[in-house]
Each structure stands twice: as structure tokens, then as C-alpha cells.
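**Student:**
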Amino acid sequence: MSDDERPGASAPTSLADTVAQAVTAALQKPAKTPKKGEGKTKNEPHVQEIFAQWLLNDSKQALVVEAPSVDPQTGESVSPQSGEPVLYQWNERAGIWCYRPRDQLTVQAAGWLRATNPAKATAANAEQCAKFGVLALQSEGRLLPTAPSGQTIIALDQGYLTVDEHGQGFRIQPPARDLGVIQRLSAAIDPDRIGRDGTYTPRSDDDIPESSAFKQYLWGAMPDPEVREVLREATASSLMVNARHERMFYLWGRGGNGKSIYVGLLQALHGNGFAALNLAQLAEDKFALEPLIRARCIVAAESDKQKWPTELIKSIVSGDPISVRMMHKTPITCAPRARVFIAMNEMPIQSDHTFGLARRIVLIPWTQTFGPGQRDSTLKDRLLNDPRELGYFLDWALEGVRRLVAKGDFRSDAELPAACTGIIQAHAKANDAVGQWIDSIDLTFQGGPSYWVEKQALYNHYVHHCQQSGMKVLAKGRWLADVQVRFAGGQPIMEKRVRFGQGRQMKRADAVAVRTSADWLRSESPFFPPHTWTRLTIGAPGEFDDAPAHFDNALLSDDESMSANVNALLDGIAQSSA
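When you line the sequence shown up against the working numbering, it's residues 10 to 587, in that order.
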């Protein structure tokens with residue numbers, strides 16, 4: 010977007026008109042002229058009120074706010090967040106609502122004060138005018154419009170490209186304020202392919218010239234047609250800012266495979282809607298979220314996965330409202346609309362133990378590697394600097410838009426090719442310390458337990474497994490939460506305080522209910538101290554007939570009211586093992 014297309018580019022009204030409009034709109038009744046020394050009369054409005062009325066009444070301002078209590082993608086109410094709403098201004102030349110930083114409104118208020126009331130032209134008053142103006146916009150319901158549910162709109166130089174609700178075709182139409190469009194792509198469609206009725210026919214893959222740099226690049230860098238189609242739909246998803254696909258895309262592969270050129274194409278396509286982020290920095294820099302306000306496509310470079318703020322990333326991917334802090338500014342609340350792409354040479358260590366982020370990941374492998382003698386040094390410049398090549402890229406992506414609209418959502422994991430799912434599944438399993446530990450000891454957690462196991466002893470065994478395999482150890486709370494997700498459909502694992510040991514050695518400890526193999530129970534592992542295991546003793550005596558003789562003093566009741574025959578059985582086992 011050029012400088013003259015930005016929100017502040019429209020010329021303000023003249024100073025004389027400004028004064029006249031403000032006074033006419035704000036002063037419903039003539040204010041009494043104060044006598045000398047009396048100060049402001051009761052009926053005289055504050056300067057903030059006059060400024061707010063000017064904002065509301067001057068059609069050239071065309072300011073709206075994105076209400077923090079409304080999800081812009083669905084129009085549904087959400088839990089309110091702290092911070093001011095995002096401010097937008099209609100730009101007639103660009104044909105979209107443009108993000109307007111609050112400090113720009115403060116500067117405008119300062120100029121307005123100097124022109125209308127120089128005696129009150131101070132930084133504090135300018136700040137208060139801007140703040141009150143935003144509140145006035147909210148109170149008057151000047152909210153960012155939302156497009157009709159399910160409608161896909163792509164803003165271009167030629168106008169709005171809309172998609173039939175069934176994904177059957179495209180049509181170009183003039184920009185309209187009431188559709189709430191806030192991003193315009195930097196690419197243009199071929200005017201020769203626009204019909205008299207406004208319908209647009211994108212180029213098919215066969216229509217893209219074989220000699221084009223785009224086709225040579227993409228078909229060469231990604232020869233697998235199934236994976237290439239997933240990439241097409243991922244690109245299309247980044248154009249559909251109002252669609253809630255809740256997916257993030259891993260661009261994985263060794264260096265020299267064309268990923269960086271694809272990222273360059275995304276940047277050229279999205280223009281000001283593109284942002285580069287360091288996901289690890291989000292956890293450390295409280296101001297790192299500011300680019301999310303206007304971003305529609307985010308690309309993150311490879312970084313330490315262990316430092317990623319998983320919950321925050323899930324909110325970004327899901328489009329949930331978040332609070333954005335800015336340097337020396339009031340925090341604002343926004344609902345991210347950006348699609349997240351992560352370019353990486355190595356698969357990250359999986360640290361999402363709730364699987365909330367993992368189920369949103371789509372891995373797109375880049376398996377081709379081009380050596381120094383195979384690389385075309387002019388390819389990137391030809392792709393990014395030729396509008397025709399960017400037009401080919403857009404047409405190619407529009408076919409993905411058509412498919413996603415027709416389907417109504419992004420592909421499920423079951424619909425992804427094996428080349429995309431196999432790598433991430435194998436990697437996730439290789440980095441799943443809890444899963445490997447559970448498999449190694451044949452452990453299951455049941456609603457009706459067979460054994461009460463001391464939680465600390467079980468955790469100690471898990472820690473030992475991680476140390477032996479060189480994997481990261483989770484804190485006990487995260488470990489138990491991870492275990493819980495895997496069993497009983499995520500229902501709480503049965504826990505209670507039980508007694509371990511006999512006589513003076515008796516103690517109470519936190520225990521969990523498990524089932525496991527007898528061979529493992531008879532293990533003399535030092536990580537299972539004496540009095541660790543206890544058989545569940547509530548039930549018929551015959552339940553314990555198969556109890557192994559090697560239980561030592563590890564068997565003890567957890568129920569003080571258990572029947573005498575069960576007590577006798579336990580005593581007999583304990584004596585036989587002594």
C-alpha cells in the first residue's frame with residue numbers, strides 16, 4: 010500500500026470548517042458567557058466532548074473500532090479482554106478499512122486543539138481527546154462492519170473478488186464499507202479474464218505458461234502433486250481472513266529446497282499484511298505481539314520450540330481475542346486473523362502436552378535439494394519483481410480458495426497425504442517421552458483400578474526413563490496432565506490418599522489407580538521403594554487369588570472398613586513373603 014493510501018492520507022477539513030462543525034454539533038444550547046474570574050460555566054462542554062463530536066460528525070474521518078467483546082470472524086460475543094479496541098479508518102482510494110494507530114489520533118487531536126483552542130493545546134489534553142474519542146466511537150456503536158457469514162472477499166487493486174458460496178466461481182465488485190474488509194493484496198488479476206458481467210476466470214494449471222518462472226520454480230521444488238495441492242490450499246487459507254480454519258503450517262525440509270522463495274512470494278502477495286515473527290521471542294518480549302494487529306500472514310523462522318508460548322500460539326491460530334501491549338501506549342485488544350507459517354530445517358521438539366497445538370499443525374515437506382550448480386540465481390528476482398508471475402501465483406492460489414469454500418473447511422488429518430502425516434507422526438512419537446514410558450511398562454489407567462500406586466514412585470520411574478533416553482523431564486503436574494489426556498478419554502485419573510506399609514512403617518501418600526503387568530510389579534527396580542504398591546482390596550476374596558507371592562510388604566489395604574476375609578488374605582500374603 011502506498012503512502013497516499015494510508016488512513017492519515019485523506020486531507021482533513023479546513024480549520025475554519027473544523028471550528029464551525031465542532032461548535033454546531035456539540036453545543037446544542039448556547040453556553041453562557043462567563044464573567045471574568047468565574048471560569049467555565051456549567052453548560053460549557055469539555056474540549057474532549059467537542060473533539061469527540063467532531064470525530065462522530067465529520068464524514069471524512071470515517072473512524073470505527075473493532076469491539077473487543079465481539080469476535081470479528083463470527084460476530085459472536087466473547088469474553089471481554091483488557092485494553093482498548095483496535096481503531097480503523099476507511100480509505101476511499103484503497104477501498105478498505107485501514108488500521109489507525111491511537112498515537113496518530115493523538116497527533117490529530119493536538120493539531121485540532123491548536124486550531125480551535127490554542128489555550129488548551131497541551132500534550133495531556135491531546136491524549137485525553139484521543140482517548141475520549143475512542144470511547145465515544147464505542148458508545149455510539151461505530152463498530153467495524155462484518156461481512157455476511159460464510160462470504161469470502163479478497164480485496165485487489167481492481168476491486169473486491171468474491172467467491173460464490175458453493176465455490177463455483179469468482180466475481181469482481183466495487184469496494185464497499187459495509188463489508189468490513191481490512192486487507193488488500195499486492196497482486197492483481199488479469200483484466201482480460203474478467204467478463205462483462207464481472208465474473209473472473211482464473212488460469213488453470215495448464216493455462217500457466219511452461220516458460221513462466223513460477224511454474225518452473227514450484228513444479229521443480231515440489232514435484233509431489235499431492236503435497237503441492239496441500240501447499241496450494243495453505244496459501245489459499247491465508248487469503249481467506251474471515252474463515253476460521255484454525256491451522257498452522259510447518260514448511261519443513263533441509264536447506265536449499267526453495268522454502269525461502271515461497272516465503273518471498275507470500276510476502277509479495279500480502280504486502281503490508283505480511284509479518285515476520287520470532288515465536289520464541291513472544292514468550293520474552295511483551296511488546297512482540299504488535300505486528301499481529303495488521304498481519305494477515307505470519308512467517309516464523311526456525312527457533313527453539315521449547316521456548317514457544319504454546320497457549321499464546323494456540324490463541325493466535327484460533328483467532329481468539331488477545332491483549333497486545335505496545336511501547337509507551339495503551340494496550341489494545343484484537344482478534345488475530347493471520348495464518349501462521351513456520352519455515353524450518355529441523356523438526357522441533359514437541360512440547361505441547363495437551364495436543365491442542367499439535368492437532369492444528371499441517372506439515373508440508375520440501376524434499377528437493379538444489380546444489381550450487383543447480384540453482385538459478387535469477388529465479389527469485391524474476392518471480393518477485395514481475396507482476397505477471399505474481400498473478401500466476403494468485404491464480405494458482407484461487408483454485409485452492411474455490412476448493413476450501415466448496416468444502417467449508419480445511420482438510421482433516423485423515424485427508425492429508427501420507428507424505429505430510431507420516432513425518433510428523435513419526436517425529437511426535439520419537440519425542441513423546443511420556444508415551445514411550447507408558448509403552449515400555451505396559452501401563453494403563455482405568456476407571457475401576459486394580460492397583461493403587463504411589464504417585465511419587467511412578468513419577469520417579471518416568472524421570473529415570475527420560476534420563477536414560479535423553480529426553481526432557483516434565484514437571485510432575487504436567488506429567489500427570491499428559492498421562493491423563495491419554496487415558497479414559499481425558500477423564501480425571503482416580504487419585505486418593507492411601508496407606509502404605511505396616512506398623513510403624515505405615516504412611517499415607519498420594520496414589521493413582523493403574524493396571525499393569527505382573528512381571529513389572531515384581532520388578533525390583535530401585536525406583537520403586539518398599540511399600541509402593543497396594544492391591545485394591547475392596548471386593549470378593551477371590552479377586553486376589555492370583556496375587557503374586559513376591560509382593561513383599563507392598564500389599565496393604567486402603568480401606569479401614571474392609572471385610573475380615575480380605576484382611577486375612579493380605580496378612581497371609583505378607584507372612585508368606587516375609
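The beta carbon of each residue, even a glycine, is placed where N, CA and C say it ideally should be. Bear in mind that the values here come from a model prediction, so they are computed numbers and not experimental data.
Can you name the residues that DSSP bridges to Val507?
**Tutor:** Paired residue(s): Ala518.
**Student:** Identify every residue that forms a DSSP beta bridge with Pro94.
**Tutor:** Bridge partners of Pro94: Thr342.
**Student:** To the nearest angstrom, how far is it from the Cα of Arg508 to the Cα of Ile447?
**Tutor:** Arg508 and Ile447: Cα-Cα distance of roughly 25 angstroms.
**Student:** Spatial neighbours of Gly46 within its chain, please: CB distance less than 8 angstroms, with the 5 preceding and 5 following residues excluded, ordered by chain position.
**Tutor:** For Gly46, the pLDDT reaches just 45, beneath the cut-off of 50, and the residue's location in the model is therefore unreliable, although a value from the coordinates is still provided. If we look at Gly46 and ignore the five residues flanking it on each side, it has no Cβ neighbours.
**Student:** Quick one: what's got a C-beta closer than 6 angstroms to Asp404's C-beta in the same chain, skipping five residues either side?
**Tutor:** Once the five neighbours on either side are set aside, the close Cβ partners of Asp404 are Pro211, Arg212.
**Student:** Tell me Ala309's beta-bridge partners as DSSP assigns them.
**Tutor:** Per DSSP, Leu286, Ile351.
**Student:** DSSP puts Pro374 in a beta bridge; with which residues?
**Tutor:** Looking at the DSSP assignment, Pro374 forms a beta bridge with Trp261.
**Student:** For the region 155–175 against the region 196–206, do three or more pairs of beta-carbon atoms, one drawn from each stretch, fall closer than 8 angstroms, so that the two count as touching?
**Tutor:** Verdict: yes, contact present.
**Student:** Looking only at its chain, what residues have a beta carbon closer than 7 angstroms to the beta carbon of Ala428, apart from the 5 residues adjacent to it on each side?
**Tutor:** Counting only Cβ-Cβ distances below 7 angstroms, and skipping sequence neighbours, we find Asp233, Glu235, Val236, Pro374.
**Student:** Return the chain-ordered list of same chain residues with a C-beta closer than 8 angstroms to the C-beta of Ala222, the five sequence neighbours on each side being excluded.
**Tutor:** So the qualifying residues of the chain are Leu388, Arg391, Leu392, Asp395, Glu398.
**Student:** Compare the beta carbon distance of Phe258 and Ile370 with 9 angstroms and say whether it is the shorter of the two.
**Tutor:** In contact: Phe258 and Ile370 (Cβ atoms closer than 9 angstroms).
**Student:** When burial is assigned at 16 or more other CB atoms within 10 Å of the CB, is Thr244 buried or exposed?
**Tutor:** It counts as buried.
**Student:** Exposed or buried, what is Asn66 when buried is set at 16 or more other beta-carbons lying within 10 Å of its beta-carbon?
**Tutor:** Counting Cβ neighbours within 10 Å, Asn66 comes out exposed, since fewer than 16 surround it.
**Student:** Looking at Val56: is its Cβ nearer than 9 angstroms to the Cβ of Pro94?
**Tutor:** Result no, Cβ atoms of Val56 and Pro94 do not sit closer than 9 angstroms.
**Student:** Using CA coordinates, which residue listed in Met249, Trp121, Asn100, Ile191 is at the minimum distance from Arg411?
**Tutor:** Arg411 has its Cα closest to that of Met249, out of Met249, Trp121, Asn100, Ile191.
**Student:** So who's on the other strand from Leu170, going by DSSP bridges?
**Tutor:** Paired residues: Ile163, Ile181.
**Student:** Taking the CB atoms as reference points, tell me whether Leu278 and Leu194 lie closer together than 9 angstroms.
**Tutor:** In this structure, Leu194 lies closer than 9 angstroms to Leu278 by Cβ.
**Student:** Taking all protein chains shown into account, do 16 or more other C-beta atoms lie within 10 angstroms of the C-beta of Thr378, making it buried, or fewer, making it exposed?
**Tutor:** That one is exposed.
**Student:** Quick check on this structure: which residue in Asp187, Tyr401, Gly189, Arg202 has the alpha carbon closest to the alpha carbon of Ile181?
**Tutor:** Checking every option, the nearest Cα to that of Ile181 belongs to Arg202.
**Student:** Look up Arg193 in the DSSP assignment and say whether it is helix, strand or coil.
**Tutor:** DSSP places Arg193 in strand when its eight states are reduced to three.
**Student:** I'd like to know whether the C-beta atoms of Leu114 and Ala132 end up nearer to each other than 9 angstroms.
**Tutor:** No, these two residues do not count as a Cβ contact at 9 angstroms.
**Student:** Determine the direct distance from the alpha carbon of Phe419 to that of Pro157, and round the result to whole angstroms.
**Tutor:** Roughly 20 angstroms between the two C-alpha positions.
**Student:** Could you pull out every residue in the same chain whose Cβ sits closer than 8 angstroms to the Cβ of Glu504, ignoring the five residues on either side in sequence?
**Tutor:** Result list for Glu504: Lys464, Asp519, Ala520, Val521, Ala522, in chain order.
**Student:** Compute the Euclidean distance between the alpha carbons of Gln192 and Ile105, then round it to the nearest angstrom.
**Tutor:** Each residue's alpha carbon lies about 7 angstroms from the other.
**Student:** Determine the direct distance from the alpha carbon of Lys481 to that of Gly400, and round the result to whole angstroms.
**Tutor:** Spanning the two alpha carbons is a distance of roughly 47 angstroms.
**Student:** Please name the residue in Arg186, Lys224, Glu242, Arg102 whose C-alpha comes closest to that of Leu425.
**Tutor:** Among Arg186, Lys224, Glu242, Arg102, the Cα nearest to that of Leu425 is on Glu242.
**Student:** Under DSSP, the beta strand (DSSP E) around Leu72 begins and ends at which residues?
**Tutor:** Note, Leu72: beta strand (DSSP E), 72–75.
**Student:** Evaluate contact between the region 262–269 and the region 285–305, counting only Cβ atoms and requiring at least three cross-stretch pairs below 8 angstroms.
**Tutor:** The region 262–269 vs the region 285–305: no contact.
**Student:** Throw me the rounded Cβ distance for the Leu298 and Ile331 pair, which I believe falls under 8 angstroms.
**Tutor:** Going by Cβ atoms, the distance from Leu298 to Ile331 rounds to 7 angstroms, so yes, they are a contact pair.
**Student:** Is the beta carbon of Arg348 less than 9 angstroms from the beta carbon of His254?
**Tutor:** Closer than 9 angstroms, so yes.
**Student:** Please work out which residues of its chain come closer than 6 angstroms, Cβ to Cβ, to Phe283, disregarding the five sequence neighbours upstream and downstream, and give them in chain order.
**Tutor:** Here the set comprises Gln276, Cys306.
**Student:** Looking at the secondary structure, which residues open and close the alpha helix (DSSP H) in which Ile198 lies?
**Tutor:** No alpha helix (DSSP H) holds Ile198; DSSP gives it neither H nor E.
**Student:** Between the Cα of Ile162 and the Cα atoms of Val172, Val272, Val462, which residue gives the shortest distance?
**Tutor:** Cα-wise, what sits closest to Ile162 is Val172.
**Student:** If you follow the alpha helix (DSSP H) that Ile322 is in, where does it begin and where does it stop?
**Tutor:** Element bounds for Ile322: 319–327.
**Student:** Spatial neighbours of Gly207 within its chain, please: CB distance less than 7 angstroms, with the 5 preceding and 5 following residues excluded, ordered by chain position.
**Tutor:** Answer for Gly207: Arg180, Ile181, Gln182, listed in chain order.
**Student:** Report all residues from its chain with a CB closer than 6 angstroms to the CB of Val472; omit the five preceding and five following residues, and keep chain order.
**Tutor:** Taken in chain order, the residues that qualify are Val482.
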